[in-house]
Amino acid sequence: MSAPQLSVIVPAYNEEMGLAETHRRLTGVLSGMDVDYEIIYIDDGSRDRTLEIVESLRASDDHVRLLSLARNHGHQIAVTAGLDAAEGDAVVIIDADLQDPPEVIPRMYERFLEGYDVVYGKRSGREGDSAFKKGTAFAFYRLLNALTDVEIPADTGDFRLVSRRAADAVRGMREHDRYLRGMFAWIGFKQTPVEFDRDKRFAGETHYPLRRMLKLAIDGVMSFSVKPLGAIAALGAIMAGAGLLWLIILLTLLLAGSKGLGLSAIAAMMLECSGLILTALGIVGGYVGRVYQEVQNRPLYRLARREGFNDR
Ligand code: UDP
Ligand code: MG
Numbered sequence: 004m005s006a007p008q009l010s011v012i013v014p015a016y017n018e019e020m021g022l023a024e025t026h027r028r029l030t031g032v033l034s035g036m037d038v039d040y041e042i043i044y045i046d047d048g049s050r051d052r053t054l055e056i057v058e059s060l061r062a063s064d065d066h067v068r069l070l071s072l073a074r075n076h077g078h079q080i081a082v083t084a085g086l087d088a089a090e091g092d093a094v095v096i097i098d099a100d101l102q103d104p105p106e107v108i109p110r111m112y113e114r115f116l117e118g119y120d121v122v123y124g125k126r127s128g129r130e131g132d133s134a135f136k137k138g139t140a141f142a143f144y145r146l147l148n149a150l151t152d153v154e155i156p157a158d159t160g161d162f163r164l165v166s167r168r169a170a171d172a173v174r175g176m177r178e179h180d181r182y183l184r185g186m187f188a189w190i191g192f193k194q195t196p197v198e199f200d201r202d203k204r205f206a207g208e209t210h211y212p213l214r215r216m217l218k219l220a221i222d223g224v225m226s227f228s229v230k231p232l233g234a235i236a237a238l239g240a241i242m243a244g245a246g247l248l249w250l251i252i253l254l255t256l257l258l259a260g261s262k263g264l265g266l267s268a269i270a271a272m273m274l275e276c277s278g279l280i281l282t283a284l285g286i287v288g289g290y291v292g293r294v295y296q297e298v299q300n301r302p303l304y305r306l307a308r309r310e311g312f313n314d315r
C-alpha cells in the first residue's frame, strides 16, 4: 500500500454518540473529492464505546485506520499520534464532534493545490460557543500575540490542512507541552486562512472545561515566549526603585521629626512584596518544571493498538 494523497486525523475521546455520524459526513465529503484518502481515528483512551465504534467502521470501510492510546493523553497529544502515523501528501486535522464541518476540507485542499503548506480554518462565527468562551478566546489570542514572538492567527483552532513538509516539520518538534496551532505558525512556509462557521457540538459535551482551557493558554505562552521572565525582572527593578524612594521619604520624614508611619504601612508593604515574590517564583517555577519535563525525555504517548496501516 502506498501513501495516500490525503490523510485525515480525527482525535476522539468519549465520542461514542457522534462518531458514526462524523464518519458518514467525512466519507460523504472525501469520496466526492477524487483523491485517494485515509481516515485515522485516534482513540484517546476513551472510557466509552468509542474504540468499538472505530473497529466496526474499520470492518466496513478500508479507508479507516485505528490508533488507540494506552491512556487519555489529551487532544494535542492525540493529534500528534495521528501526525506521526499519517503519510498523506496532505494531512487534515479535524475534531470528532463535527464542530469543524468536513465540508470545508475541499476548499482547504484547493488552497493546498495552489501551493500553500498550512491552510488553517478561521472561525467567522462560533454558533455553538457560549459568550464566555468567545470572550475568553478573544482575550487569549490578543494576549498571546502580545507576549509571543510568533504570529499565531486569532480565532483559529486546530482544524487545518497541512502539507507533507509542514506535517514533517511539526513531527520533528518533540516538546511535551504541545500547542500545535502555535507550532504550525512557528514553522513558517506559506500559510493561509479559510473562513468557516464553527458549528455546535453534534453530540456529547465539551472536554475543555475552564481548567483545561487555562492550561492550554499557559502552554501557549510558555512554549513560545520567555517574556514573562523579562517581565519579572522589569517588575523587580520597578519595585526596588519604589522601595528606595520610600526609604528616602521615610528618612526625610524621620529627620523632620515625624514619629514614623505606623505598623500598618509596613504590613501592607510586606504583604505586597511577598505576594509579588511568590508570583515571580511561580512563573520561574513554570519554566523550570518544563525544563525538567523535557530532560526526562519520556515518549509523548504509548500506543495500545495500531491497525489498518498494513505494510506501512
Ligand atoms: N479530545 C481528545 N482527548 C481529550 C479531549 C478531547 O482526543 O482528552 C478530542 C475530542 O474527542 C474532540 C476534540 O478533541 O474530537 C476536541 O475536543 P472538544 O470538542 O471536547 O473541545 P472543544 O471543541 O469544546 O474545544
Ligand atoms: Mg468540540
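All residue numbers for the sequence shown refer to our numbering, where the first residue is 4 and numbers rise by one. The beta-carbon is built from N, C-alpha and C at its ideal position, and this holds for glycine as well. Keep in mind it's a predicted model, so treat the numbers as computed, not measured.
Can you have a look at residue i and say buried or exposed, based on whether 16 or more other CB atoms are within 10 angstroms of its CB?
i, result
"Phe187", "buried"
"Arg214", "exposed"
"Leu147", "buried"
"Val298", "exposed"
"Pro14", "buried"
"Gln296", "exposed"
"Tyr16", "buried"
"Ile251", "exposed"
"Glu106", "exposed"
"Ala245", "exposed"
"Ile307", "According to the sequence provided, residue 307 is Ala. The question's Ile does not apply to it. It is exposed - the Cβ of Ala307 has fewer than 16 other Cβ atoms within 10 Å."
So, at 8 Å on beta carbons, what are the nonlocal neighbours of residue i in its own chain, with the 5 sequence-adjacent residues on each side left out?
i, result
"Leu303", "His76, Ile80, Thr83, Ala84, Arg177, His179, Arg181"
"Leu60", "Leu22, Ala23, His26, Tyr44, Val67"
"Ile12", "Ile43, Ile45, Val82, Gly85, Leu86, Ala89, Val94, Val95, Ile96, Ile97"
"Gln8", "Val38, Asp39, Tyr40, Gly91, Asp92, Ala93"
"Val153", "Gly185, Ala188, Trp189, Phe227"
"Val229", "Tyr290"
"Pro109", "Val32, Gly35, Met36"
Can you look up residue i in the DSSP assignment and give me helix, strand or coil?
i, result
"Asp222", "helix"
"Glu275", "helix"
"Arg201", "strand"
"Lys125", "strand"
"Glu19", "coil"
"Thr209", "coil"
"Ser59", "helix"
"Ala157", "coil"
"Ala6", "coil"
"Tyr40", "strand"
"Pro231", "helix"
"Gln102", "coil"
"Arg52", "coil"
"Arg301", "coil"
"Glu113", "helix"
"Ala243", "helix"
"Ala307", "strand"
Between residue i and the rest of its own chain, which residues show a CB-CB distance below 6 Å, the 5 nearest in sequence each way excluded?
i, result
"Pro231", "Ile286"
"Lys193", "Tyr119, Asp120"
"Leu33", "Tyr40"
"Ala243", "none"
If I measure Cβ to Cβ from residue i and keep anything under 7 Å in the same chain, skipping five residues before and after, which residues do I get?
i, result
"Ile190", "Ala169, Ala172, Val173"
"Leu54", "Asp46, Ser71"
Original post:
Which parts of the region 63-99 are runs of the alpha helix (DSSP H), unbroken and 4 residues or longer, counting only runs that do not cross its ends?
Top reply: Runs found: 78-88.
Original post:
Got a list of residues with beta-carbon closer than 6 Å to any non-hydrogen atom of ligand 2, in chain order?
Top reply: Every residue with a CB closer than 6 Å to a heavy atom of ligand 2 is listed here in chain order: Asp98, Asp100, Gln102, Arg204, Thr209.
**OP:** Output the residue ranges of the beta strand (DSSP E) runs that lie fully inside the region 139-188 and measure 3 residues or longer, sorted by chain position.
**Re:** Counting only runs of at least 3 residues, the region 139-188 fully encloses the following beta strand (DSSP E) elements, listed from N- to C-terminal order: 159-166.
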